[in-house]
Amino acid sequence: MREPAIEITGLKKTYAAQKGQEPKEALKGIDLRIPAGSIFGLLGPNGAGKSTLINILAGLVIKSAGQVKIWGFDQDVNPRQSRASIGVMPQELHLDPFFSPRGALEVQAGLYGVPKEQRRTDEILETIGLSDKADAYARSLSGGMRRRLLLGKAMVHMPHILVLDEPTAGVDIELRNMLWANVRKMNEAGMTIILTTHYLEEAEEMCDEIAIINHGEKIAQDSTANLLGRLDAKTMVIEPESTAPPEIALPDGVDLTRRANGALAFTYDRGTTTAEAILAVAHQAGITIKDVKTEDPDLEDVFLALTSHV
1 MREPAIEITG LKKTYAAQKG QEPKEALKGI DLRIPAGSIF GLLGPNGAGK STLINILAGL
61 VIKSAGQVKI WGFDQDVNPR QSRASIGVMP QELHLDPFFS PRGALEVQAG LYGVPKEQRR
121 TDEILETIGL SDKADAYARS LSGGMRRRLL LGKAMVHMPH ILVLDEPTAG VDIELRNMLW
181 ANVRKMNEAG MTIILTTHYL EEAEEMCDEI AIINHGEKIA QDSTANLLGR LDAKTMVIEP
241 ESTAPPEIAL PDGVDLTRRA NGALAFTYDR GTTTAEAILA VAHQAGITIK DVKTEDPDLE
301 DVFLALTSHV
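Below, the structure is given as structure tokens:
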């Protein structure tokens, strides 16, 4: 079996009590194995513990208990090697306003001990689309350009693992597409990508495997395909020729939602109800069908089903 890119065992983090409040247990013994070479999604609601976990991986937060191995290096035994194996693109736009993109990448490479002859500053600037802004002050860059620069800073030491923390928050479609194209290219070259995002459709499209955490605990981890297969629900959307009647008799276990365009969305359990039964309901209600289509559950449906019960 291939060595995991990251292996976490029994990871706990408790923040000390402040101003009369109880200590906060942010992580409650998480076990996590991230395959090397994958695009791995780390999802969870706000306050679930994702940022704490990422900050522990980056060496910015000290764990309370547990073991963390990054690219085979135990974080406690080989902290320098483990930290050199990972690059983190943070969510917050923290940049020195007086550095140019070129200067920021050079300084970052120096901090990681990358010799000058091995630095890839111009290559990275081209990859992130900032070659034409290489010598401009960072304070003159747009929000999207600053986010690209954060990605470049995470790449200067050629890490085996790249963590993207909400990389597309507040960015336009063009930048989003460019970012994902670069991510796929880096992954194809062998880099392991860890993605946190609130845009669940992005995670569904990009990730090979996904873990969901909530209240400091891992509540699910599986391939994206298997997670999507967990829900037995299916939706049949019927577009009527004319306005549907206000009352429609529904079998047990079938829900009806009327959409803004007048379409009727029947959600049912595939294990107990057939598509023919839904069509029969429409005919019995006197509905003349103009068009019909079916919709399978998406990652948002799975996410809400798992996190709403924890």
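For the sequence shown, the numbering used here assigns the number 1 to the initial residue and increments by one for each residue that follows. Glycine included, C-beta positions come from ideal geometry on N, C-alpha and C. Computed from a predicted model, the values in this text were never measured in an experiment.
Who are the near neighbours of residue i in its chain, counting only those whose CB is closer than 7 angstroms to its CB and skipping five residues on each side?
i, result
"Ile-248", "Leu-256, Val-281, Ala-285"
"Gly-190", "Gly-37"
"Met-236", "Phe-266, Ala-275, Ile-278, Val-292, Thr-294"
"His-160", "Ala-5, Trp-71, Ser-85, Met-191, Thr-192"
"Arg-259", "Ala-265"
"Asp-135", "Ser-100, Arg-102"
"Met-145", "Leu-130, Lys-133"
"Met-1", "Note on Met-1: pLDDT 46, under 50, position unreliable in the model; the coordinate value appears next. Closer than 7 angstroms at Cβ, skipping near neighbours: no residue."
Residue i and residue j: beta carbons closer than 8 angstroms?
i, j, result
"Tyr-15", "Pro-23", "yes"
"Leu-43", "Thr-196", "yes"
"Leu-164", "Ile-193", "yes"
"Ile-30", "Leu-57", "no"
"Gly-216", "Lys-69", "no"
"Val-61", "Lys-13", "yes"
"Ala-138", "Ala-169", "no"
"Val-302", "Leu-250", "no"
"Arg-83", "Gly-110", "no"
"Leu-162", "Arg-148", "no"
"Thr-307", "Ile-210", "no"
"Leu-150", "Pro-97", "no"
"Leu-93", "Gly-143", "yes"
"Gly-318", "Pro-240", "Absent from the model: residue 318. The displayed extent of the chain is 1 to 310, so no value can be given."
Identify every residue that forms a DSSP beta bridge with residue i.
i, result
"Asp-222", "Ile-210"
"Leu-11", "Ile-30"
"Gly-40", "Reading the sequence as shown, one finds Phe at residue 40 and not Gly. Phe-40 pairs with Ile-194, Glu-209."
"Gly-248", "Just to set this straight, residue 248 is Ile in the shown sequence, not Gly. Answer is none; Ile-248 lacks a bridge partner."
"Arg-258", "Leu-264"
"Ile-289", "Pro-240"
"Ala-233", "Asp-269"
"Lys-24", "Tyr-15"
"Thr-294", "Met-236"
"Glu-217", "Asn-214"
"Ile-6", "Ile-34, Ile-70"
So residue i and residue j are supposed to be a Cβ contact under 8 angstroms. How far apart are they, rounded?
i, j, result
"Val-88", "Ile-124", "No, Val-88 and Ile-124 are not in contact; Cβ-Cβ is about 15 angstroms, not under 8 angstroms."
"Phe-73", "Gln-67", "Incorrect: roughly 11 angstroms between the Cβ atoms, too far for contact."
"Asp-172", "Ile-39", "That pair is no contact at about 22 angstroms."
Apart from the five residues just before and just after residue i, which ones in its own chain have a Cβ nearer than 8 angstroms to its Cβ?
i, result
"Glu-106", "Arg-119, Thr-121"
"Val-310", "Annotation note: pLDDT 46 at Val-310 (below 50); position unreliable, coordinate value reported separately. Excluding positions up to five away in sequence, the list reads Asn-214, His-215, Glu-217, Ile-219."
"Gly-253", "Tyr-268, Asp-269, Thr-272, Thr-273"
"Tyr-112", "Ala-84, Val-156, His-157"
Among the residues of its own chain, which have a CB less than 6 angstroms from the CB of residue i, if the five just before and after it don't count?
i, result
"Ile-238", "Leu-264, Ala-282, Ile-289, Val-292"
"Asp-296", "none"
Any Cβ of chain B within less than 8 angstroms of the Cβ of residue i?
i, result
"Leu-175", "In the displayed structure, chain B is absent; only one protein chain is listed."
### Task
Return the chain-ordered ranges of every alpha helix (DSSP H) run that is complete within the stretch 150-194 and spans a minimum of 4 residues.
Listed in chain order, the alpha helix (DSSP H) runs fully inside the stretch 150-194 are 173-188, counting runs of at least 4 residues.
#### Entry: Minimum length 3: unbroken beta strand (DSSP E) runs contained in the stretch 46-103
List check, beta strand (DSSP E) in window: 65-70, 86-89.
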